[in-house]
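Asks: Here you go, one structure.
Rendered as structure tokens:
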């Protein structure tokens, strides 16, 4: 049995300042596995996948991370 960190909640702010949730993680990572620490890399992957994103906020368990998209 795996000890999991849990799912990731992602929110994306676009260039108009509109915040939406991003639920399509399987498209980015193949199969989402909750035992993996996604915070170091997943926000940048979302920035890359959504060209109009300006900021991505990720929460996994009791940790969170926000990145500004280039």
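Residue numbers (our numbering): 35 to 104. The C-beta atom is built at its ideal place from N, Cα and C for all residues, glycine as well.
Within the same chain, show all residues whose beta-carbon is closer than 8 Å to that of residue 35, passing over the 5 residues directly before and after it, in chain order.
Replies: As a working mapping, residue 35 is identified with position 1 in the chain shown. With a pLDDT of only 45 at residue 35, under the threshold of 50, the placement of this residue in the model should not be trusted; the figure read from the coordinates follows. Excluding residues within five positions, none has a Cβ falling inside 8 Å.
Asks: How long is the line joining the alpha carbons of residue 60 and residue 50, rounded to whole angstroms?
Replies: Here residue 60 corresponds to residue number 26 of the chain shown, with the count starting at 1. Here residue 50 corresponds to residue number 16 of the chain shown, with the count starting at 1. Taking the straight line from one Cα to the other gives about 26 Å.
Asks: Beta-carbon within less than 8 Å of residue 71's beta-carbon, same chain only, minus the 5 sequence neighbours each way: which residues are those?
Replies: As a working mapping, residue 71 is identified with position 37 in the chain shown. 39, 94, listed in sequence order.
Asks: Would you call the CB atoms of residue 78 and residue 88 closer than 8 Å?
Replies: One-based indexing of the chain shown puts residue 78 at position 44. One-based indexing of the chain shown puts residue 88 at position 54. For residue 78 and residue 88, no; Cβs fall outside 8 Å.
Asks: Can you grab the Cα-Cα spacing for the pair residue 48 / residue 54, in whole Å?
Replies: On the chain shown, position 14 is the one that residue 48 refers to. On the chain shown, position 20 is the one that residue 54 refers to. For residue 48 and residue 54, the distance between alpha carbons rounds to 8 Å.
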